[in-house]
Amino acid sequence: MNDKKRLFEGLDELREIQQAVRAEYEAKNDAWWNGLTEEEREDAFYAVIKRMHKAEVEDRGTYRWALYDVFGFDPGMYGRGMDCGYMSLHNIIYDGLELEAMNGVTRFEVIDEEGRTYVNHFNEDQRIKFSLQDDDKTLKVFIDSNSWKEDL
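Per this note's numbering, residue 90 is the first one in the sequence shown, and the count goes up by one each step.
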């Protein structure tokens, strides 16, 4: 039992050290950003977003693809990319592009263990709309006529 206790204490200590190092890096990085001129911040922003657009929208690559092939980082950046939230952004962008592509569907199917339980081939004036409800626990799908034209 003492071995397990020492192991967990060691892991807790390691976690605390990692959190302290991350907080120190965050402060250092914020100080670097705040020390840049407006033009330098604009250039940094442009360089990063240009590469993100290529990786996420044009290439639709993986998280690793973006880091290694588009940004040119080595594998050591994998964790730092996660720490700063890039992996979350990567996943959100991917899901958003998938959702955007769904605006053009012309057939809606529901498939469960029994196979296709519902199929609807849309008329020319129909589009699909989605709504999350009940604290994002319920997905409602609407096959809507004409109201989609308001979005054009």
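Just so it is clear, CB atoms sit at the ideal spot from N, CA and C, and this is done for glycine as well.
Might you give, ordered along the chain, the residues of its own chain that have their beta carbon closer than 6 Å to the beta carbon of residue i, omitting 5 neighbours on each side?
| i | result |
| --- | --- |
| E198 | R205 and V208 |
| Q215 | I232 and S234 |
Would you kindly work out how many angstroms separate the C-alpha atoms of residue i and residue j, rounded to a whole number?
| i | j | result |
| --- | --- | --- |
| K226 | S220 | 11 Å |
| G150 | R95 | 42 Å |
| R104 | V110 | 10 Å |
| G99 | E113 | 21 Å |
| E202 | E128 | 57 Å |
| D92 | I181 | 41 Å |
| G165 | R130 | 24 Å |
| D119 | D163 | 23 Å |
Which same chain residues end up closer than 8 Å to residue i when comparing Cβ atoms and leaving out the 5 residues on each side of it in sequence?
| i | result |
| --- | --- |
| R153 | Y167 |
| N212 | S234 |
Taking all protein chains shown into account, decide if residue i is buried (16 or more other Cβ within 10 angstroms of its Cβ) or exposed.
| i | result |
| --- | --- |
| L241 | The predicted model places L241 with a pLDDT of 45, which falls under 50 and marks its position as unreliable, so this point remains unresolved. |
| L125 | exposed |
| A155 | buried |
| A144 | buried |
| I175 | For the record, residue 175 in the displayed sequence is Tyr; it is not Ile. Under this definition Y175 is a buried residue. |
| D223 | exposed |
Tell me which same chain residues have a C-beta within less than 7 Å of the C-beta of residue i, skipping the five on either side of it?
| i | result |
| --- | --- |
| W121 | none |
| W237 | At W237 the pLDDT is 48, less than 50, meaning the model places this residue with poor confidence and gives no usable figure here. |
| V194 | I217 |
When the Cα of residue i is compared with those of the options, which residue comes out closest?
| i | options | result |
| --- | --- | --- |
| E115 | T195, C173, E203 and L186 | C173 |
| V230 | N192, A133, G161 and I106 | N192 |
| V146 | K218, E127, F97 and H179 | H179 |
| L188 | K218, V137 and Y135 | K218 |
| I138 | D119, F160 and N123 | F160 |
| R140 | E127, Y157, E202 and T195 | Y157 |
| R169 | Q108, D92 and V194 | Q108 |
| Y183 | K93, A133, H142 and N123 | H142 |
| L186 | I200, R196 and D148 | D148 |
Does any heavy atom of the ligand HEM sit closer than 7 Å to the C-beta of residue i?
| i | result |
| --- | --- |
| F197 | This structure lacks the ligand HEM, and indeed carries no ligand of any kind. |
Name the one or two DSSP bridge partners that residue i has.
| i | result |
| --- | --- |
| Y207 | V199 |
| D233 | R216 |
| T227 | Q222 |
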